[in-house]
Amino acid sequence: MSCENCGSCGNCGGGLLLTEAELALLRRFGETPFLPAAWALDLKTPVCLEEGEAPAAAILGLAGKGLIRLDYDMPLRGFDYAAYREYPLHGSMALTGRGQDVLEQIEILGIEE
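Position 70 of the sequence shown, counting from 1, maps to 69 under numbering that gives the first Met the number 0, and the rest follow consecutively.
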């Protein structure tokens, strides 16, 4: 059974657990709601070179929690993907409405460690 709050646990009471890397990346999306991304043909590991060594686990974690959307076939218009030459698929990542809501809650209520 899927939880209405987090989409997975079924018993979270509305809580959302984020790793430090996920929180840092989510805050980056608060500044820039669209980021470039690229993938190998297997679509297993997203890459965002603008975030340095942005861990794929953080990207996938935020996507799995419904806070960002990964678009494998929607590159950002006007963005130079030259640095992503070695990756055959160029797309983008975007903050979702739910992600925006979570960011607003963090700003208003703060976060618990």
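C-beta: ideal position from N, C-alpha, C; glycine also.
Please read all numbers here as calculations on a predicted model, not as lab measurements.
Subject >> Assigned exposure category for E21 - 16 Cβ within 10 Å defines buried >> reply: With 16 or more other Cβ atoms from the protein chains shown falling within 10 Å of its own Cβ, E21 counts as buried.
Taking Cβ to Cβ, would you say L66 is nearer than 9 Å to L25?
For the 9 Å CB-CB criterion, L66 and L25 form a contact.
Checklist line | Secondary structure, beta strand (DSSP E): runs of 3+ residues fully inside the region 7-85 | finding: Fully contained in the region 7-85 are the following beta strand (DSSP E) runs of length 3 or more, in chain order: 33-38, 67-70.
Just to confirm the assignment, what range does the alpha helix (DSSP H) spanning G96 have?
Its alpha helix (DSSP H) spans residues 96-108.
* To do: Would you mind working out which of W38, Q104, R68 sits nearest A82, comparing C-alpha positions?
  => The option with the nearest alpha carbon to A82 is W38.
### Task
Would you tell me roughly how many angstroms separate the C-alpha atoms of L59 and E85, rounded to the nearest one?
If you take the alpha carbons of L59 and E85, they lie about 20 Å apart.
* To do: Count the other CB atoms, across all protein chains shown, that sit within 10 Å of the CB of G109; report buried if there are 16 or more and exposed otherwise.
  => Per the 10 Å Cβ criterion, exposed.
- [ ] Could you say which of L16, G14, E30 lies nearest to Q99 if we only look at CA atoms?
- [x] The candidate whose alpha carbon is nearest that of Q99 is E30.
(message) For a quick check, are the C-beta atoms of P54 and S91 less than 9 Å apart?
(response) No, the Cβ-Cβ distance between P54 and S91 is not below 9 Å.
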